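Below is one structure, written out as structure tokens, with a few remarks after it.
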Amino acid sequence: HQYYIDQHLLSCTNDFRDLGVIVDSKFNFNAHINNITHKASSRARLIVKCFTSKNKDLLVKAFCSYVRPLIEYCSPLWNPHYKYQITKIENVQRR
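If you number the sequence shown the way the numbering used here does, the last residue is 95 and the count never jumps.
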């Protein structure tokens, strides 16, 4: 279908974001999982880089405060079914 607003054609997309979760036209969450693992890995690297203290308890608390919410947000909705998706998410936590 083609949709118009004031005679301007709206572009079609295969992916859309709703409440922060990226979904494609086949109700697949691969783009969302790629996005959150990239963001979570970046934040985890920044935590290690920016904290001068290498106290394990402090780093774990920072990880739980700043990284885990990214990974766990709306997880019942996009629950990963495939092994490669689960592995990708767990790799962030292992690092």
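Glycine included, C-beta positions come from ideal geometry on N, C-alpha and C.
A quick note: this is a predicted structure, and the numbers were derived from the prediction, not measured.
Query, Result
"F51, DSSP secondary structure in three states", "coil"
"Beta-carbon contacts of Y66 that lie in its chain and below 8 Å, excluding the five residues immediately before and after", "R43, I47"
"Expected contact under 8 Å - CB spacing of I89 and T37 to nearest Å", "6 Å"
"Any chain B beta carbon closer than 8 Å to Y66", "Within the model displayed, chain B is absent; a lone protein chain is all it includes."
"8 Å contact criterion, which N74 and G20 should meet: CB distance rounded", "For clarity, residue 74 is Cys in the given sequence; the question names Asn instead. Rounded, the Cβ-Cβ distance is 7 Å, consistent with contact."
"Whole-number beta carbon distance between I71 and P80, since they are thought to touch under 8 Å", "Not quite, the Cβ-Cβ distance comes to about 11 Å (not below 8 Å), so this is no contact."
"Rounded straight-line distance, which links the Cα of V92 to that of R17", "23 Å"
"Residue from Q2, S11, I33 with nearest C-alpha to P76", "I33"
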